[in-house]
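Undergrad: Shown below is the structure under consideration.
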Amino acid sequence: MVYIRIKKISNKPYAYLVESQSTKQGPRQRVKQYLGRIHTVEQQDNEKYVVVGKTKKEFLQEMLLRELKPAGFKENKEIYSFQELHFCPKNLTLKKKNQKEAVIKLNEGYLCSFTMNRLHKFAKTDDMNKDAFLLAKYFLEAGLTISEKEFVSFYQLL
1 MVYIRIKKIS NKPYAYLVES QSTKQGPRQR VKQYLGRIHT VEQQDNEKYV
51 VVGKTKKEFL QEMLLRELKP AGFKENKEIY SFQELHFCPK NLTLKKKNQK
101 EAVIKLNEGY LCSFTMNRLH KFAKTDDMNK DAFLLAKYFL EAGLTISEKE
151 FVSFYQLL
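According to my numbering, the sequence shown holds residues 1 to 158 in order.
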């Protein structure tokens with residue numbers, strides 16, 4: 001089981017991808033990947049329009065911009081910037097000015113390059129119930145709010 005764990009180092013929060021393993025002494029956590037330093041942004045009230053896209057990537061780009069624009073991200077050529085954070089919709093990456101990985105605490109999840117790419121690379125299997133549960137979990141872990149209609153249209157794009 002893989003999940004995102006938060007550690008405080010020098011009183012600053014950092015996100016790690018952690019896997020649980022059971023041993024004779026009890027469960028142990030193994031760090032799989034460093035995700036980046038966590039930044040918080042002020043979420044403004046934004047109008048929730050229905051996201052539509054012809055491809056998975058277009059759909060995710062529109063959904064991410066719907067969440068990030070009200071938080072203060074402004075477009076500069078092909079990159080959206082806010083303070084020291086840069087979001088590239090083309091590559092679905094979130095980095096700081098110095099090209100280090102960054103994480104944004106968004107709603108009840110953490111938006112980072114890993115969570116965005118996990119949604120983009122999600123593939124259907126034969127079990128629709130398992131897919132729906134896993135996909136909903138991935139959206140929540142990424143901190144994205146998605147309506148039932150949007151969820152169904154995204155699943156159909158897979």
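Every residue, glycine too, gets a C-beta built ideally from N, C-alpha and C.
Keep in mind the model is a prediction, meaning the values are calculated, not measured.
Let me know the alpha helix (DSSP H) ranges lying completely inside the stretch 47-85, each 4 residues or longer, listed in chain order.
TA: Listed in chain order, the complete alpha helix (DSSP H) runs (minimum 4 residues) inside the stretch 47-85 are 56-68.
Undergrad: Identify every residue that forms a DSSP beta bridge with H39.
TA: Against the sequence shown, residue 39 aligns to sequence position 39. Beta-bridge annotation (DSSP): H39 is paired with I104.
Undergrad: If you run the structure through DSSP and keep just helix, strand and coil, what is K90?
TA: For the purposes of this step, residue 90 is taken as residue 90 along the sequence shown, with counting starting at 1. When DSSP states are grouped into helix, strand and coil, K90 belongs to the coil group.
Undergrad: Assuming K8 is part of the beta strand (DSSP E), what are its boundary residues?
TA: Numbered from 1 along the sequence shown, position 8 holds the residue referred to as residue 8. Run containing K8: V2 to I9, per the beta strand (DSSP E) assignment.
Undergrad: Please classify Q61 as buried or exposed, where buried requires at least 16 other C-beta atoms within 10 Å of its C-beta.
TA: Within the sequence shown, numbered from 1, the residue matching residue 61 stands at position 61. It counts as buried.
Undergrad: Tell me the rounded alpha-carbon separation between E67 and Q25.
TA: Residue mapping note: residue 67 aligns to position 67 of the sequence shown, counting from 1. Residue mapping note: residue 25 aligns to position 25 of the sequence shown, counting from 1. Using only the alpha carbons, I get a separation of about 43 Å.
Undergrad: Does the count of Cβ pairs from the stretch 73-90 and the stretch 121-141 closer than 8 Å reach three?
TA: no
Undergrad: Would the stretch 108-120 and the stretch 69-81 be scored as touching if the rule is three or more Cβ pairs under 8 Å?
TA: Contact between the stretch 108-120 and the stretch 69-81 is absent, because fewer than three Cβ pairs lie under 8 Å.
Undergrad: Can you tell me which of the three DSSP states K96 falls into?
TA: Taking the sequence shown and counting its residues from 1, the one referred to as residue 96 is at position 96. Strand, per DSSP.
Undergrad: For the alpha helix (DSSP H) containing L158, name the first residue and the last one.
TA: In the sequence shown, the residue the question calls residue 158 occupies position 158. In the DSSP assignment, L158 falls outside any alpha helix (DSSP H) and carries neither an H nor an E.
Undergrad: Taking DSSP as the reference, what is the three-state secondary structure of T125?
TA: Locating residue 125 in the sequence shown gives position 125, counting from the first residue. Three-state result, T125: coil.
Undergrad: What's the C-alpha gap between K97 and F82?
TA: Here residue 97 refers to the residue found at position 97 of the sequence shown. Here residue 82 refers to the residue found at position 82 of the sequence shown. Cα to Cα, the separation comes out at about 10 Å.
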